[in-house]
Amino acid sequence: MAIMKVKQGEVVKTALLIGILVSLPKTIYLYNGIMEGNLDFSMSWVADFLYRYLFFFCFSWSVIQLNANIDYDGLKWPPFVKWILILIINIILLLAVVKVIKLFYPLINGRVLDSHEEGWVNFTFINLSIVLFFIARLLRVSTDKQESRIENEQLKQQNLENELAALKNQVDPHFLFNSLNSLSSLIRENEKATQFVNKLSYMYRYILQSGETNLVTVKDELKFLRSYIFLMETRYRDRIQIEVDVADDFLDRMVPPLALQSLVENSVKHNEISSTNPLTVKVYSNGESLFVENPIRSRSTLAEGMGTGLYNLKKRYSLLLKNEVIVTNDNETFKVELPLNQPA
149 MAIMKVKQGE
159 VVKTALLIGI
169 LVSLPKTIYL
179 YNGIMEGNLD
189 FSMSWVADFL
199 YRYLFFFCFS
209 WSVIQLNANI
219 DYDGLKWPPF
229 VKWILILIIN
239 IILLLAVVKV
249 IKLFYPLING
259 RVLDSHEEGW
269 VNFTFINLSI
279 VLFFIARLLR
289 VSTDKQESRI
299 ENEQLKQQNL
309 ENELAALKNQ
319 VDPHFLFNSL
329 NSLSSLIREN
339 EKATQFVNKL
349 SYMYRYILQS
359 GETNLVTVKD
369 ELKFLRSYIF
379 LMETRYRDRI
389 QIEVDVADDF
399 LDRMVPPLAL
409 QSLVENSVKH
419 NEISSTNPLT
429 VKVYSNGESL
439 FVENPIRSRS
449 TLAEGMGTGL
459 YNLKKRYSLL
469 LKNEVIVTND
479 NETFKVELPL
489 NQPA
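Numbering of the sequence shown is given in the numbering used here, commencing with residue 149 and proceeding in unit increments.
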């Protein structure tokens, strides 16, 4: 997930302030020299001041951008390697800026920097780069906290909307469970029908309970999925085949409730299922992700609500797991990848 960038207004204001603070000793020195008569006020001093200040500002802005707004976390590298990269980039920037200052100084001021001034430039920019690095990290932490607050508010808002939708469509669960139990007793001699009702009852109970939690284990989600598969295979018989092959290593990982079921349901809803075109849906693990895959056999009529379930899953995945659902569509196969976080 792309990071929320530090606002450019904050970066520019910080760079301007740093430039003023670093230039202050030189400004005071020039002012005292002129007031005491040791120096003559001339445009060369003004040019020198503006030249230094311009580089202080540009250097400050560049360091803050590099350390606060570049998404190094997007690189799938070990943390140690990423920190080495950040250090190298900062050193290169420091050396480049110091080199450019010394190179163009004679063009602006008509003279080269003496050894004392060169030492001052080196000392100032080395210390400035260290200070700017920590300022940039503080801005990054502050922005991350703000992003986290925004995401939490979005999640709370979504939960409130889900609760409101549940209240609008509320059915007394005891009435439904009692009705299912009564139906089961009536068809007890029909083993297939009894099993169907029991699976349906379990699914409804799971859906009700999932509203009380944001994440469930893959093991629980697969158990629910198998009940859903039973219902689909009962309905479509040999016209549908749903294959599940998830390694045991994934069973303790966490996913949003109904994640796998909603993806399988998405395949059923949007593809033709017939004797001539049976549908095969595969649910499997690979690498550090779960996959749900099916061949594309588009229905002749557009399925109602197309895309809303997948959008909802993407939003929940981003808010809850700080990760992105990856969708691949090559016009022949539709595949959804759910990257899983390592267990704590």
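For every residue, glycine included, the Cβ atom is placed at its ideal position computed from N, Cα and C.
Straight-line Cα distance separating residue j from residue i
{"i": "Leu276", "j": "Ile239", "result": "12 Å"}
{"i": "Pro443", "j": "Phe482", "result": "6 Å"}
{"i": "Arg387", "j": "Asp393", "result": "20 Å"}
{"i": "Leu235", "j": "Gly258", "result": "35 Å"}
{"i": "Ser423", "j": "Lys470", "result": "41 Å"}
{"i": "Gln318", "j": "Asn307", "result": "Any reading at Gln318 must be qualified, since the residue scores a pLDDT of 49, below 50, and its modelled position is unreliable; the value itself is stated next. Roughly 16 Å separates the two Cα atoms."}
{"i": "His264", "j": "Trp209", "result": "26 Å"}
{"i": "Gly267", "j": "Ser290", "result": "35 Å"}
{"i": "Leu488", "j": "Leu261", "result": "57 Å"}
{"i": "Phe228", "j": "Ile218", "result": "17 Å"}
{"i": "Leu363", "j": "Asp397", "result": "17 Å"}
{"i": "Val160", "j": "Val248", "result": "21 Å"}
{"i": "Ile256", "j": "Ile232", "result": "36 Å"}
{"i": "Ile176", "j": "Gly157", "result": "28 Å"}
{"i": "Leu243", "j": "Lys155", "result": "27 Å"}
6 Å CB neighbourhood of residue i in its chain, flanking five on each side removed
{"i": "Ser415", "result": "Val429 and Asn442"}
{"i": "Leu172", "result": "none"}
{"i": "Leu427", "result": "Ile388, Asn419 and Ile421"}
{"i": "Tyr459", "result": "none"}
{"i": "Tyr384", "result": "Ile421"}
{"i": "Ile474", "result": "Glu485"}
Nearest candidate by alpha-carbon position, reference residue i, set the options
{"i": "Leu287", "options": "Val392, Ile212 and Gly267", "result": "Ile212"}
{"i": "Leu438", "options": "Glu295, Tyr199, Lys367 and Val345", "result": "Lys367"}
{"i": "Phe204", "options": "Tyr253, Thr272 and Trp225", "result": "Thr272"}
{"i": "Glu295", "options": "Met152, Leu406, Ile176 and Lys161", "result": "Met152"}
{"i": "Ser446", "options": "Thr162, Asn477, Arg297 and Asp400", "result": "Asn477"}
{"i": "Pro405", "options": "Phe228, Asp397 and Lys462", "result": "Lys462"}
{"i": "Ile274", "options": "Val170, Asn479 and Phe398", "result": "Val170"}
Close Cβ partners of residue i (< 7 Å) along its chain, the five nearest in sequence each way excluded
{"i": "Phe372", "result": "Met351, Tyr354 and Gln409"}
{"i": "Leu303", "result": "Leu467"}
{"i": "Ala395", "result": "Ser433"}
{"i": "Arg464", "result": "Pro404"}
{"i": "Pro226", "result": "none"}
{"i": "Met454", "result": "At Met454 the pLDDT is 47, less than 50, meaning the model places this residue with poor confidence; the figure from the coordinates comes in the next sentence. These residues qualify, in order along the chain: His418."}
Three-state secondary structure (DSSP) of residue i
{"i": "Val416", "result": "helix"}
{"i": "Ser171", "result": "helix"}
{"i": "Lys470", "result": "coil"}
{"i": "Asp393", "result": "strand"}
{"i": "Leu348", "result": "helix"}
{"i": "Met152", "result": "coil"}
{"i": "Thr428", "result": "strand"}
{"i": "Asn434", "result": "strand"}
{"i": "Val403", "result": "strand"}
{"i": "Ile388", "result": "strand"}
{"i": "Lys463", "result": "helix"}
{"i": "Asn362", "result": "coil"}
{"i": "Asn275", "result": "helix"}
{"i": "Val475", "result": "strand"}
{"i": "Asn338", "result": "coil"}
{"i": "Asn489", "result": "coil"}
Same chain, Cβ closer than 8 Å to residue i, neighbours up to 5 away in sequence not counted
{"i": "Glu413", "result": "Tyr376 and Gly457"}
{"i": "Asn215", "result": "Ile234, Asn238, Leu280, Phe281, Ala284, Arg285 and Arg288"}
{"i": "Leu399", "result": "Thr365, Val366, Lys367 and Leu370"}
{"i": "Val269", "result": "Val246, Ile249, Lys250 and Leu261"}
{"i": "Thr361", "result": "Pro405"}
{"i": "Asn479", "result": "Ile444"}
{"i": "Pro254", "result": "Val260"}
Proximity of residue i and residue j at Cβ, strictly below 9 Å
{"i": "Val390", "j": "Met402", "result": "The displayed chain sequence assigns Ile, not Val, to residue 390. Not a contact, by the Cβ cut-off of 9 Å."}
{"i": "Val245", "j": "Phe207", "result": "yes"}
{"i": "Glu230", "j": "Leu241", "result": "First, the amino acid is wrong: residue 230 is Lys here, not Glu. Contact: no."}
{"i": "Phe252", "j": "Tyr201", "result": "no"}
{"i": "Leu411", "j": "Val345", "result": "no"}
{"i": "Lys417", "j": "Thr382", "result": "no"}
C-beta neighbour in chain D for residue i, strict 9 Å
{"i": "Ser277", "result": "Chain labels in this structure do not include chain D; a single protein chain is all it has."}
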